[in-house]
Structure formats: structure tokens, C-alpha cells
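Notes to accompany the following structure.
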Amino acid sequence: MLSADDAVTLTVTDNGIGIGIPDSDTTTPGTPTAVDDDGRPARRGGGLVNMRTRTELCGGTLAIEVPADAGTRIMWRVPLHD
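Here the sequence shown is numbered in our numbering, starting from 148 and rising by one per residue.
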């Protein structure tokens with residue numbers, strides 16, 4: 148996490164199998180969909196949608212990257228207000 152005079156930025160990166168992101172977001176084609184421990188497709192919750200909505204309400208940005216070599220990177224940036 149980084150904090151500057153004007154914003155807070157948080158980046159979370161992992162090296163897992165990646166996550167499936169709804170078509171409304173930018174993803175790498177062929178990205179595998181997340182699975183539960185038993186190998187079934189993971190339930191689709193509202194987590195990423197809620198993160199994006201709340202971030203935008205604060206005037207921030209949320210970027211989700213799924214590199215071709217697997218893993219996921221989420222970058223969250225929210226401006227600091229007086």
C-alpha cells in the first residue's frame with residue numbers, strides 16, 4: 148500500500164490460476180474460471196462488482212489484470228479528500 152499527498156494505492160497480486168471476470172471488464176481471452184476446492188466452478192458473488200462500485204463512489208479507480216501466465220493483480224486507488 149502506498150500513500151501520497153493526494154491518494155492511497157493498494158496493489159494485491161497472486162500467482163494462482165487466475166479468476167474469471169465478467170465480460171464487462173477487461174480480461175485476457177481464455178482466462179480460466181475460478182473453482183472451489185472440489186473442482187466445481189466457484190459461486191459468482193458480487194464482490195468485484197461491489198469493490199468497483201464503492202471505489203467509483205469515492206472517486207477512485209479499480210483495475211483488475213489477469214496476466215496470460217496466470218495469477219491476478221488488483222490495483223485500487225482512491226483520492227484523499229480534505
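A virtual CB, placed ideally from N, CA and C, is assigned to each residue, including glycine.
All values derive from a computational prediction rather than experimental measurement.
For Leu209 and Asn197, the rounded distance between their alpha carbons:
Within the sequence shown, numbered from 1, the residue matching residue 197 stands at position 50. Within the sequence shown, numbered from 1, the residue matching residue 209 stands at position 62. Cα to Cα, the separation comes out at about 11 Å.
With distances taken between CB atoms, is the gap from Thr92 to Arg199 smaller than 8 Å?
What is shown of the chain runs 148 to 229, which leaves residue 92 out entirely.
Could you name the residues that DSSP lists as bridge partners for Arg224?
As a first step, residue 224 must be located in the sequence shown, where it is residue number 77. Answer by DSSP bridge pairing, in chain order: Thr156 and Thr208.
Taking buried to mean at least 16 other C-beta atoms within 10 Å of its own C-beta, is Arg224 buried or exposed?
In the sequence shown, the residue the question calls residue 224 occupies position 77. So Arg224 counts as buried.
Across which residues does DSSP place Asp161 in a beta bridge pair?
By one-based count along the sequence shown, residue 161 stands at place 14. Looking at the DSSP assignment, Asp161 forms a beta bridge with Thr219.
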